[in-house]
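Colleague: When you number the sequence shown by the working numbering, it's gap-free, plus one each residue, and the end is 337. Ideal Cβ positions, reconstructed from N, Cα and C, are used throughout, including at glycine. In this text the structure is predicted, and so the values were computed from the model without any measurement.
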Amino acid sequence: MNTRTVEPTGKKLAAPKGGLVQTIPYWAPVSVALVVLIVMTVIQSPAFFGSGSWQLVLLYASPLIMLAMAQAPVLMSGGGGLDLSVGPAAGLIAVIIGGIVMPQGVTSLPLLILIAVGCGLVNGALNGLLVAFLRVPPIIATLATYLIYGGLALQLLRSPVGVDTQTFGWFYRTTVGIPNMLLIIVVFALLWGLLMRTAYGRNLRAVGSNDRASYTAGINVTGVRFAAYVIAGLGTGIAGILLVIVLGGADATVGESYTLQAISAAVLGGVSLLGGRGGVVGAAIGGLLIFLIQNYLTATGAPSYVLQVAFGVVLIAAIVVNGGWEFLRTKGGRR
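See the structure below:
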């Protein structure tokens, strides 16, 4: 398909008409599941409801939540879009920050964040170049960068290192009563919400739903998909700095485990695998849900193989729920 930009023709893509399911937010099912799990967790451990416990939960869940949010725009862009590299990319960024930059005496938090975000944007631009411009299938392109980032991290850091966590003291404090760790996630979600109300947001949904019709309507499909990967890179960069905080240092091996969890969280949060539907709010809720499932099973003394089986079940459930929700919405739109 020719990807050159053409002038808009003024055509508008028709949105599916109502039906009760159409009026329910895409993140509703995962929100219900989260509430049920929180109730179960509180019954299991009443102390979990304390504010201090919630801050710890947000701290340790924050890398997964941010990577799930980063996955959302890529999945929404359609065309089989996904980013397998988010985990190793965040791990590599953590290695660069905690294993290379900070040991050189760099302790300025704004500078560290700037470096992490810059690395994330480069990662997103590389993936976007491969997928949007060079037409490499997303699963192949991001698998390649997955392997490259994982190998680079192991080469740069042969063993885990610790850092002075006082550098990240701001993340442990609150602003107007809101934990700063949560504030970062909220700000990212608000910026996403504003973006989705612009022409780009409308174009992203249109391209994800039907790229050919979008191209005919004058939308720059290549540019929209490239930008989706760059946005994912931004979230990955933030997740990299969060990994350093959670680990208290850097470990070249931890990033890879986040990839499938991030994809599962986004899908569980209502982001369509077919593209065109979803958002970072549902992905964030899905990330928190998956983290709490792991936390709940660990608290009950479940062996490691049960955790692995549970994660597989959650992944299947995410796909089934997402597909069923998509079917109901489509069916409602045809009435």
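(1) For VAL34, count neighbouring C-beta atoms within 10 Å of its own C-beta (all shown protein chains included) and say buried if the count is 16 or more, exposed if not.
(2) From the DSSP output, in three-state form, read off GLY181 for me.
(3) Please go through the same chain and pick out, in chain order, the residues whose beta-carbon is closer than 6 Å to the beta-carbon of ARG207, but skip the five residues on each side of it.
(4) What's the call for LEU192, buried or exposed, on a 16-neighbour Cβ count within 10 Å?
(5) Measuring alpha carbon to alpha carbon, tell me which of GLY239, VAL322, GLY288 and VAL316 ends up nearest LEU114.
(6) Enumerate, from N- to C-terminal direction, the unbroken alpha helix (DSSP H) stretches of 4 or more residues contained entirely within the region 88–143.
(7) Does ALA201 come out as helix, strand or coil in the three-state DSSP assignment?
(8) In the DSSP assignment, what residue or residues form a beta bridge with THR224?
(9) Do you know offhand how far VAL133's Cα is from VAL124's?
(10) Is there contact between the region 262–276 and the region 173–187, where contact requires at least three CB pairs shorter than 8 Å?
(11) Determine the burial state of ARG337: buried for a count of at least 16 other Cβ atoms within 10 Å of its Cβ, exposed for fewer.
(12) Where does THR255 fall in DSSP's three states?
(13) Could you say which of ILE141, LEU159 and PHE173 lies nearest to TYR62 if we only look at CA atoms?
(14) The alpha helix (DSSP H) that contains PHE293, what's its start and end?
(15) In angstroms, rounded to a whole number, what distance separates the CA positions of LEU36 and MET42?
(16) So what does VAL163 bridge to, in DSSP terms?
(17) Spatial neighbours of GLN263 within its chain, please: CB distance less than 7 Å, with the 5 preceding and 5 following residues excluded, ordered by chain position.
Modeller: In short:
(1) Here residue 34 corresponds to residue number 32 of the sequence shown, with the count starting at 1. Exposed, by the Cβ-count rule.
(2) In the sequence shown, counting from the first residue as 1, residue 181 sits at position 179. One point to set straight first is that residue 181 is Pro, not Gly, in the sequence displayed. PRO181 falls in the strand class under three-state DSSP.
(3) One-based indexing of the sequence shown puts residue 207 at position 205. Cβ within range, chain order: GLY278.
(4) Locating residue 192 in the sequence shown gives position 190, where the first residue counts as 1. Counting the other CB atoms within 10 Å of its CB gives LEU192 a total below 16, which places it among the exposed residues.
(5) Position 112 of the sequence shown, counted from the first residue, corresponds to residue 114. LEU114 has its Cα closest to that of GLY239, out of GLY239, VAL322, GLY288 and VAL316.
(6) 88–97 and 111–130
(7) The count along the sequence shown starts at 1 and reaches residue 201 at position 199. DSSP places ALA201 in helix when its eight states are reduced to three.
(8) What you label residue 224 is simply residue 222 of the sequence shown in a count that begins at 1. Residue pairing for THR224: DSSP places it in no beta bridge.
(9) Numbered from 1 along the sequence shown, position 131 holds the residue referred to as residue 133. Numbered from 1 along the sequence shown, position 122 holds the residue referred to as residue 124. When rounded, the distance between both Cα atoms is 14 Å.
(10) They do not touch, by the three-pair rule.
(11) Working through the sequence shown from its first residue, we reach residue 337 at position 335. Because ARG337 carries a pLDDT of 47, less than 50, the predicted location of this residue cannot be relied on, and the following value inherits that uncertainty. It is exposed - the Cβ of ARG337 has fewer than 16 other Cβ atoms within 10 Å.
(12) Residue numbering aside, residue 255 sits at position 253 when the sequence shown is read from its first letter. Three-state result, THR255: coil.
(13) Residue 62 sits at position 60 when you count from the first residue of the sequence shown. Per the Cα distances, PHE173.
(14) In the sequence shown, counting from the first residue as 1, residue 293 sits at position 291. Residues 282–301.
(15) Taking the sequence shown and counting its residues from 1, the one referred to as residue 36 is at position 34. Taking the sequence shown and counting its residues from 1, the one referred to as residue 42 is at position 40. One C-alpha to the other measures close to 10 Å.
(16) The sequence position of residue 163 within the sequence shown is 161, counting from 1. Its beta-bridge partners are ALA252.
(17) Within the sequence shown, residue 263 is the residue found at index 261, counting from 1. Cβ neighbours of GLN263 beyond the five flanking positions: LEU66 and ILE292.
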